[in-house]
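A.B. asks: Sharing a structure here in structure tokens format.
Protein chains: 2
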Amino acid sequence: MLTEERHHLILQLLKEKEVRKLQEFVEATGSSESTIRRDLSQLEEEKKLIRVHGGAALIKQKRSEPSMMEKSNQHAEEKKRIAMYAAKFLRKGDCIYLDAGTTTLAMIPHIEEKDITVVTNSITHAAALTEKGIQTFVTGGFLKANTRALIGQGALHGLNQYSFDKCFIGVNGIQLNVGFTTPDPEEALIKRTAMKQSLETYVLADRSKFNETAFAHIAHLNQAVIITDKLEQELLHSYKEKTSIKEVEA
Amino acid sequence: MLTEERHHLILQLLKEKEVRKLQEFVEATGSSESTIRRDLSQLEEEKKLIRVHGGAALIKQKRSEPSMMEKSNQHAEEKKRIAMYAAKFLRKGDCIYLDAGTTTLAMIPHIEEKDITVVTNSITHAAALTEKGIQTFVTGGFLKANTRALIGQGALHGLNQYSFDKCFIGVNGIQLNVGFTTPDPEEALIKRTAMKQSLETYVLADRSKFNETAFAHIAHLNQAVIITDKLEQELLHSYKEKTSIKEVEA
DNA sequence: CCAAATTCAATCAAAATCATTCAAAAACAT
DNA sequence: ATGTTTTTGAATGATTTTGATTGAATTTGG
Numbered sequence: 001m002l003t004e005e006r007h008h009l010i011l012q013l014l015k016e017k018e019v020r021k022l023q024e025f026v027e028a029t030g031s032s033e034s035t036i037r038r039d040l041s042q043l044e045e046e047k048k049l050i051r052v053h054g055g056a057a058l059i060k061q062k063r064s065e066p067s068m069m070e071k072s073n074q075h076a077e078e079k080k081r082i083a084m085y086a087a088k089f090l091r092k093g094d095c096i097y098l099d100a101g102t103t104t105l106a107m108i109p110h111i112e113e114k115d116i117t118v119v120t121n122s123i124t125h126a127a128a129l130t131e132k133g134i135q136t137f138v139t140g141g142f143l144k145a146n147t148r149a150l151i152g153q154g155a156l157h158g159l160n161q162y163s164f165d166k167c168f169i170g171v172n173g174i175q176l177n178v179g180f181t182t183p184d185p186e187e188a189l190i191k192r193t194a195m196k197q198s199l200e201t202y203v204l205a206d207r208s209k210f211n212e213t214a215f216a217h218i219a220h221l222n223q224a225v226i227i228t229d230k231l232e233q234e235l236l237h238s239y240k241e242k243t244s245i246k247e248v249e250a
Numbered sequence: 001m002l003t004e005e006r007h008h009l010i011l012q013l014l015k016e017k018e019v020r021k022l023q024e025f026v027e028a029t030g031s032s033e034s035t036i037r038r039d040l041s042q043l044e045e046e047k048k049l050i051r052v053h054g055g056a057a058l059i060k061q062k063r064s065e066p067s068m069m070e071k072s073n074q075h076a077e078e079k080k081r082i083a084m085y086a087a088k089f090l091r092k093g094d095c096i097y098l099d100a101g102t103t104t105l106a107m108i109p110h111i112e113e114k115d116i117t118v119v120t121n122s123i124t125h126a127a128a129l130t131e132k133g134i135q136t137f138v139t140g141g142f143l144k145a146n147t148r149a150l151i152g153q154g155a156l157h158g159l160n161q162y163s164f165d166k167c168f169i170g171v172n173g174i175q176l177n178v179g180f181t182t183p184d185p186e187e188a189l190i191k192r193t194a195m196k197q198s199l200e201t202y203v204l205a206d207r208s209k210f211n212e213t214a215f216a217h218i219a220h221l222n223q224a225v226i227i228t229d230k231l232e233q234e235l236l237h238s239y240k241e242k243t244s245i246k247e248v249e250a
């Protein structure tokens, strides 16, 4: 077995399981202990993994993000279910727009179809997507500090270069007669534009967003399909008349 | 069997399996070991594959350019000194372009003048800048996995929206008669364009970049000021005739 | 805290692979 | 047909990789 192959296999095994014993590599490759040790040293040198006593561990670069982190804890479970369900709408070859925000971010780990092209206005999302081996384009624009979203003329301009099969956006408010809303007018403009360029629009929203209104208007209810968790019958009924709602399946 | 046929077959086999032993090629073609070795050398020359001990591997971006992580450790001290010195060139109100790359990234912690506007094609840089409270714009474009730089038409397009007082770029090679070079032609184009839009250009380069040539040409020596560490007298002299060099002060 | 067990880095000789050279064979031009 | 160039395969010694062995370092269990 060639050195390259071994290295590849070692990293592959580590991807499946974060920490592995040296002996596991020995068995998997059929090489001697010495050889595996050398391999691990090399790969550590290349920053591909970290050696630990008795084996090796996957390298982890955690990007902590306080403002983002705080948010993502609220309704975390609900968001995760919604995101996982939304990810199932992706098809081979799709070109999609992925909006900034915690709910759309939660989609990324659950994307199974790798053969898609994604455009996003969030550098956090972009990094995560590329990490997963997904073709990713960034809109460009002014980088807003607290949400890490790209906004402004630059973002709008970048966005106008593309057309999408589907777009997935997050909102802060959903109201029967108002439609979808978000606090920042600049972000609203971006979301609206993305929807305009897209054949289908999915709005990801947990229960807390319903019957709320934020400052800036994005679009009317009938312009998107809402993906959400199980709603109360009453609420669901009143909205079903105005728009299409997909509820997370059990 | 013709040379052409063998080459084709070799590449074909590599497409099926990323890494192959030399012996596999020998058997598949019925040629001698020597012949296959010659073939592999040639194909490597043509950048169709890379040779590894015992065989050959399919070309992968990953291998041709060391990853960000890997790079950041090489010449770390020297880079830091250069970056710190370069940061002193910033003036209140400046609009600058900050190129992707580890040396330019090292500038960010040392930026004292907060009243500047920065455009960058690296999402890593953008995040760090915004974190520091600096107005930051991102070019947009395709996100390259290993360097986290934005490239392609989108990046070019975004870049064209701005003009700069100064731009700070990194390079991989500096050669007297060749000028500045970098491995990826796409990135070279971005760098070149940024320089065009800028009144002054600073190239940040540690000693190891001198008398090296990478694949893609960026610009000639006289089109930028080089910021570097202390050089050997001989080297310094030969370059001083062709361009302007700022050496890190003690 | 110590001692046994495990894991480690360093060293070395054997095996595999490598670049280089050279002469024979093949393809080519004249 | 003859001489020239190119391609090929074998032989060479150099280089790299490998697995076993050693004693040192670390972890584990009492």
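In order, the protein sequences belong to chains A and B.
Counting from 1, one number per residue, gives the positions in the first sequence under full-length UniProt numbering.
Counting from 1, one number per residue, gives the positions in the second sequence under full-length UniProt numbering.
We put the beta carbon where it would ideally sit given N, CA and C, even for glycine.
Just so it is clear, the structure is predicted and the values come from calculations on it, not from any experiment.
Using a Cβ cut-off of 7 Å, pull out every chain B residue sitting near residue 126 of chain A, in sequence order please.
C.D. replies: As a position in the first sequence, residue 126 of chain A is number 126, starting the count at 1. Within chain B, the residues near residue 126 of chain A are 123, 143.
A.B. asks: Please report whether the beta-carbon of residue 86 of chain B lies at a distance below 8 Å from any beta-carbon of chain A.
C.D. replies: One-based indexing of the second sequence puts residue 86 of chain B at position 86. For residue 86 of chain B, the answer is no, since every Cβ of chain A falls outside 8 Å of its Cβ.
A.B. asks: Would you mind sorting residue 195 of chain A into buried or exposed? The rule is 16 or more other CB atoms within 10 Å of its CB.
C.D. replies: Taking the first sequence and counting its residues from 1, one reaches residue 195 of chain A at position 195. Residue 195 of chain A is buried by the Cβ-count criterion.
A.B. asks: Are the stretch 232–250 of chain B and the stretch 77–88 of chain B touching by the rule of at least three beta carbon pairs closer than 8 Å?
C.D. replies: yes
A.B. asks: In angstroms with no decimal places, state the Cα-to-Cα distance between residue 100 of chain B and residue 27 of chain B.
C.D. replies: Position 100 of the second sequence, counted from the first residue, corresponds to residue 100 of chain B. Position 27 of the second sequence, counted from the first residue, corresponds to residue 27 of chain B. Going by C-alpha positions, residue 100 of chain B is about 45 Å away from residue 27 of chain B.
A.B. asks: What does residue 161 of chain B touch in chain A if you count any residue whose Cβ is under 9 Å from its own?
C.D. replies: Translated into the one-based positions of the second sequence, residue 161 of chain B becomes position 161. 140, 153, 154, 157, listed in chain order.
A.B. asks: Residue 189 of chain A touches chain B at which residues, Cβ-Cβ below 7 Å?
C.D. replies: Numbered from its first residue, the first sequence carries residue 189 of chain A at position 189. None at all; the shortest Cβ gap to chain B is about 16 Å.
A.B. asks: Among the candidates B:113, B:146, B:150, B:145, whose CA atom is the shortest distance from the CA of residue 126 of chain B?
C.D. replies: In the second sequence, counting from the first residue as 1, residue 126 of chain B sits at position 126. The option with the nearest alpha carbon to residue 126 of chain B is B:150.
A.B. asks: Please state whether the Cβ-Cβ distance between residue 7 of chain B and residue 43 of chain B is less than 8 Å.
C.D. replies: Taking the second sequence and counting its residues from 1, the one referred to as residue 7 of chain B is at position 7. Taking the second sequence and counting its residues from 1, the one referred to as residue 43 of chain B is at position 43. It is a contact, given that the beta carbons lie within the stated cut-off.
A.B. asks: Assuming residue 190 of chain A and residue 121 of chain A make a contact with CB atoms under 8 Å, what is their CB distance in whole Å?
C.D. replies: Counting from 1 along the first sequence, the entry for residue 190 of chain A is found at position 190. Counting from 1 along the first sequence, the entry for residue 121 of chain A is found at position 121. Confirmed, Cβ separation roughly 6 Å.
A.B. asks: When you compare the CB of residue 93 of chain B with every CB in chain A, is at least one pair closer than 8 Å?
C.D. replies: For the purposes of this step, residue 93 of chain B is taken as residue 93 along the second sequence, with counting starting at 1. No, because no Cβ of chain A sits closer than 8 Å to the Cβ of residue 93 of chain B.
A.B. asks: Does the beta-carbon distance from residue 138 of chain A to residue 138 of chain B come in below 8 Å?
C.D. replies: Along the first sequence, one-based indexing puts residue 138 of chain A at 138. Along the second sequence, one-based indexing puts residue 138 of chain B at 138. Contact: yes.
A.B. asks: Which whole-angstrom value is the C-beta distance of residue 216 of chain B and residue 184 of chain B, which I expect to be below 8 Å?
C.D. replies: Your numbering for residue 216 of chain B matches position 216 in the second sequence. Your numbering for residue 184 of chain B matches position 184 in the second sequence. With a contact defined as Cβ atoms closer than 8 Å, residue 216 of chain B and residue 184 of chain B qualify at about 6 Å.
A.B. asks: Spatial neighbours of residue 212 of chain A within its chain, please: CB distance less than 6 Å, with the 5 preceding and 5 following residues excluded, ordered by chain position.
C.D. replies: Your numbering for residue 212 of chain A matches position 212 in the first sequence. The answer, listed in chain order, is 173.
A.B. asks: Say yes only if the C-beta of residue 203 of chain B is nearer than 7 Å to one or more non-hydrogen atoms of the ligand ATP, and no if none qualify.
C.D. replies: Annotation note on the ligand ATP: not contained in the displayed structure, which lists no ligands.
A.B. asks: As an exercise, report each continuous beta strand (DSSP E) stretch of at least 3 residues that is fully enclosed by the stretch 66–138 of chain A, in chain order.
C.D. replies: The beta strand (DSSP E) runs of length 3 or more contained entirely in the stretch 66–138 of chain A are, from start to end of the chain, 95–98, 117–120, 135–138.
A.B. asks: Considering only the beta carbon of each residue, do residue 132 of chain A and residue 171 of chain A sit closer than 8 Å?
C.D. replies: As a first step, residue 132 of chain A must be located in the first sequence, where it is residue number 132. As a first step, residue 171 of chain A must be located in the first sequence, where it is residue number 171. The answer is no: Cβ separation not under 8 Å.
A.B. asks: The beta strand (DSSP E) spanning residue 225 of chain A covers which residue range?
C.D. replies: On the first sequence, residue 225 of chain A is found 225 positions in, with the first residue counted as 1. Looking at the DSSP string, the run of the beta strand (DSSP E) that includes residue 225 of chain A is 225–228.
A.B. asks: Note down, in chain order, each residue of its chain lying with its Cβ closer than 8 Å to the Cβ of residue 113 of chain B, except the 5 sequence neighbours on either side.
C.D. replies: As a working note, residue 113 of chain B is residue 113 in the second sequence. Hits under 8 Å: 90, 91, 92, 94.
A.B. asks: Looking at the C-beta of residue 53 of chain B, does it have a partner C-beta in chain A at a distance below 8 Å?
C.D. replies: As a working note, residue 53 of chain B is residue 53 in the second sequence. Closer than 8 Å: yes.
A.B. asks: Nearest by alpha-carbon distance to residue 49 of chain B: which of B:79, B:141, B:13, B:81 is it?
C.D. replies: In the second sequence, the residue the question calls residue 49 of chain B occupies position 49. Here the closest residue by C-alpha is B:13.
A.B. asks: What's the C-alpha gap between residue 17 of chain B and residue 157 of chain A?
C.D. replies: Residue numbering aside, residue 17 of chain B sits at position 17 when the second sequence is read from its first letter. Residue numbering aside, residue 157 of chain A sits at position 157 when the first sequence is read from its first letter. Roughly 42 Å separates the two Cα atoms.
A.B. asks: Give me whichever residues DSSP pairs with residue 151 of chain B in a beta bridge.
C.D. replies: Taking the first residue of the second sequence as position 1, residue 151 of chain B is located at position 151. DSSP output for residue 151 of chain B lists B:142 as bridge partner(s).
A.B. asks: Can you look up residue 175 of chain B in the DSSP assignment and give me helix, strand or coil?
C.D. replies: By one-based count along the second sequence, residue 175 of chain B stands at place 175. Strand.
A.B. asks: Using the Cα positions of residue 70 of chain A and residue 203 of chain B, report the straight-line distance between them to the nearest angstrom.
C.D. replies: Position 70 of the first sequence holds residue 70 of chain A. Position 203 of the second sequence holds residue 203 of chain B. Only weak support exists for where residue 70 of chain A lies, its pLDDT of 49 falling under 50; the value from the coordinates is given anyway. Each residue's alpha carbon lies about 40 Å from the other.
A.B. asks: For residue 193 of chain B, which residues in the same chain have their Cβ closer than 8 Å to its Cβ, ignoring the five residues on either side in sequence?
C.D. replies: Against the second sequence, residue 193 of chain B aligns to sequence position 193. Correct list, in chain order: 156, 159, 160.
A.B. asks: Please confirm if residue 89 of chain B has its CB atom under 8 Å from at least one CB of chain A.
C.D. replies: Position 89 of the second sequence, counting from 1, holds the residue named residue 89 of chain B. So no, residue 89 of chain B is outside the interface.
A.B. asks: How long is the line joining the alpha carbons of residue 169 of chain A and residue 4 of chain B, rounded to whole angstroms?
C.D. replies: Here residue 169 of chain A corresponds to residue number 169 of the first sequence, with the count starting at 1. Here residue 4 of chain B corresponds to residue number 4 of the second sequence, with the count starting at 1. Answer to the nearest angstrom: the Cα atoms are 52 Å apart.
A.B. asks: Does the CB of residue 252 of chain B have a neighbour CB from chain A at under 8 Å?
C.D. replies: As displayed, chain B neither begins before 1 nor continues past 250, which places residue 252 of chain B out of reach and without an answer.
A.B. asks: Which residues mark the beginning and the end of the alpha helix (DSSP H) in which residue 26 of chain A is found?
C.D. replies: Counted from its first residue, the first sequence places residue 26 of chain A at position 26. Start and end: 22–29.
A.B. asks: So, are the CB atoms of residue 55 of chain B and residue 21 of chain B less than 8 Å apart?
C.D. replies: Indexing the second sequence from 1 puts residue 55 of chain B at position 55. Indexing the second sequence from 1 puts residue 21 of chain B at position 21. A contact, by the Cβ cut-off of 8 Å.
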